[in-house]
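Read the structure below first, then the notes.
Residue numbers (my numbering): 2 to 376.
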């Protein structure tokens, strides 16, 4: 117990002396021993590495989890050493919504099937993102955290010890200087250990403090020399992160390209189905006209709508000996075209009724000369 109290008293006195020395140095009232320039540079390099490593870790966490609340929750679980519950990724949530929407709107419809396909691909993107996050945490963030939470803390402990040894050295220098001043003024010998040798207690204390300071400086420097290896390890981790990111982007691009092709085929099939209906309708009209006008020379076609799918048509026919005033009219329309029967029949045989209207649109009734009946 006595030894503990004595040790406590010595530590308290040493702490007070260091505090006084530090305060005097801050106020410029005491000299300060400067560190070796090489050691000072290594310390600054370690501080810069720590600062930028923390920022890289923080921004990478934001990249992997943009939700600040989720990041705080995960950090709390880690501090409590609890298992972090799995959290669905945003792509997976979107995939679920798209799938449910497709099933609700009808999986047999073009839009519903497209929603289901998009939902499946979004889930695949979410799974790829989950693997990327796991790989980044293991191969990139963990090595960086091992430096900030392990190696840098050891450096800080050695630096703190070095600062204490420096303060003790400066205190010893101050005591020796004061002892010399007092010896010159009053010839006081209270600090003399052996009068014949001339060694003083202050000089012995200074030598001990200098030796401890030099030793601690060497220990700190050796620890700081490991920063080169640390940077090399961080470089490997960075390469692993880039490779994982490239693999993730490649998977996403592959899934997106496949989805794009699938949706393109669905669109083509949908348009093809609509086109077949139009073609069948036009074919039926052309066959009817061809059958009905076997003895005609000219066809006047009127349509109520510009679309070839229009169901309202007017067909007028004129036989070779029938005047224009006796044309047969079946329906009423808004637009009229007069086509030569031979040309129109040729286009109808190719099942290109809509195309025939476009290609022969210049053959208006005003441009087709009236042929007189043969004598």
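We treat Cβ as the ideally placed atom computed from N, Cα and C, and that holds for glycine.
A quick note: this is a predicted structure, and the numbers were derived from the prediction, not measured.
**Asked** In chain order, which continuous runs of the alpha helix (DSSP H) of length 4 or greater are located wholly inside the stretch 56 to 96?
**Response** 69 to 80
**Request:** Counting only the same chain and skipping the five closest in sequence on each side, list residues whose C-beta sits under 6 Å from that of residue 85.
**Result:** Excluding residues up to 5 positions away in sequence, 75 and 78 lie with their Cβ nearer than 6 Å to the Cβ of residue 85 in the same chain.
**Item:** Alpha-carbon spacing of residue 165 relative to residue 38, whole angstroms
**Value:** Spanning the two alpha carbons is a distance of roughly 18 Å.
**Asked** I think residue 221 touches residue 159, with their Cβ atoms under 8 Å apart; what is that distance to the nearest whole Å?
**Response** With a Cβ gap of about 4 Å, residue 221 and residue 159 count as contacting.
**Request:** Provide the residue span of the alpha helix (DSSP H) that contains residue 29, from first to last.
**Result:** Annotation: residue 29 is outside any alpha helix (DSSP H) and is labelled neither H nor E by DSSP.
**Request:** Give the straight-line distance between the Cα atoms of residue 115 and residue 257, rounded to the nearest whole angstrom.
**Result:** Taking the straight line from one Cα to the other gives about 13 Å.
**Asked** Is residue 292 helix, strand or coil by DSSP?
**Response** In this predicted model, residue 292 has a pLDDT of only 43, less than 50, meaning its place in the structure is not dependable enough to derive any value.
**Item:** Segments of 4+ residues assigned as alpha helix (DSSP H) that fall wholly inside the stretch 104 to 171
**Value:** With a minimum length of 4 residues, the continuous alpha helix (DSSP H) runs that stay inside the stretch 104 to 171 are 111 to 137 and 143 to 147.
**Asked** Is the beta carbon of residue 238 sitting closer than 9 Å to the one on residue 145?
**Response** yes
**Request:** Please decide whether residue 74 counts as near chain B, where near means a Cβ-Cβ distance under 9 Å.
**Result:** Of the protein chains in the structure, only one exists, and it is not chain B.
**Asked** Can you tell which of 167, 43 and 62 has its C-alpha closest to the C-alpha of residue 19?
**Response** 167
**Request:** Would you tell me roughly how many angstroms separate the C-alpha atoms of residue 95 and residue 244, rounded to the nearest one?
**Result:** 26 Å
**Prompt:** Can you tell me the Cα-Cα spacing of residue 173 and residue 223, whole angstroms?
**Reply:** 26 Å
**Prompt:** Which of the three DSSP states, helix, strand or coil, is assigned to residue 21?
**Reply:** helix
**Item:** From 122, 56, 64 and 72, residue whose alpha carbon lies closest to that of residue 261
**Value:** 122
**Request:** May I ask you to verify whether the stretch 18 to 33 touches the stretch 208 to 222, counting CB pairs closer than 8 Å and requiring at least 3?
**Result:** no
**Request:** Please determine, among 234, 65 and 106, the residue with the shortest C-alpha to C-alpha distance to residue 91.
**Result:** 65
**Prompt:** If you follow the alpha helix (DSSP H) that residue 207 is part of, which residue opens it and which one closes it?
**Reply:** Where residue 207 is concerned, the enclosing alpha helix (DSSP H) stretches over 202 to 225.
**Request:** Count the other C-beta atoms from every protein chain shown that fall within 10 angstroms of the C-beta of residue 24, then say buried if there are 16 or more, exposed otherwise.
**Result:** Result: exposed.
**Item:** Collapsed DSSP secondary structure at residue 37 in the structure displayed
**Value:** coil
**Request:** Please name the residue in 10, 118 and 179 whose C-alpha comes closest to that of residue 267.
**Result:** 118
**Asked** Do you know offhand how far residue 232's Cα is from residue 35's?
**Response** 27 Å
**Message:** With distance defined between alpha-carbon atoms, name the residue in 142, 162, 148 and 240 nearest to residue 229.
**Reply:** 148
**Request:** Alpha carbon to alpha carbon, how far is residue 40 from residue 1? Give it in angstroms, no decimals.
**Result:** Past the boundaries of the shown model lies residue 1; the chain is included only from 2 to 376, so the question cannot be answered.
**Message:** Using the Cβ count rule (16 or more neighbours within 10 Å means buried), how would you classify residue 242?
**Reply:** Looking at its Cβ environment, which holds 16 or more other Cβ atoms inside 10 Å, residue 242 is buried.
**Asked** How about residue 133 and residue 248: are their beta carbons less than 9 Å apart?
**Response** yes
**Asked** What's the gap between the Cα of residue 154 and the Cα of residue 139?
**Response** 21 Å
**Prompt:** Do residue 171 and residue 26 have their C-beta atoms closer together than 9 Å?
**Reply:** yes
**Request:** Throw me the rounded Cβ distance for the residue 93 and residue 51 pair, which I believe falls under 8 Å.
**Result:** Actually they are not in contact, since the Cβ atoms of residue 93 and residue 51 sit about 36 Å apart, beyond 8 Å.
**Request:** Can you grab the Cα-Cα spacing for the pair residue 156 / residue 225, in whole Å?
**Result:** 7 Å
**Request:** Can you have a look at residue 56 and say buried or exposed, based on whether 16 or more other CB atoms are within 10 angstroms of its CB?
**Result:** exposed
**Request:** Would you kindly work out how many angstroms separate the C-alpha atoms of residue 253 and residue 48, rounded to a whole number?
**Result:** 38 Å
**Prompt:** Since residue 100 contacts residue 120 with CB under 8 Å, what's their CB separation in whole angstroms?
**Reply:** Their Cβ separation, rounded to whole angstroms, is 3 Å, which keeps residue 100 and residue 120 in contact under 8 Å.
**Request:** Flag this pair as yes or no: are the beta carbons of residue 152 and residue 227 separated by less than 9 Å?
**Result:** yes
**Message:** Can you check which of these residues, 60, 204, 70 and 250, is closest to residue 176 by C-alpha distance?
**Reply:** 204
**Prompt:** Measuring CB to CB, does residue 137 end up less than 9 Å from residue 61?
**Reply:** Their beta carbons are under 9 Å apart, which means residue 137 touches residue 61 by this criterion.
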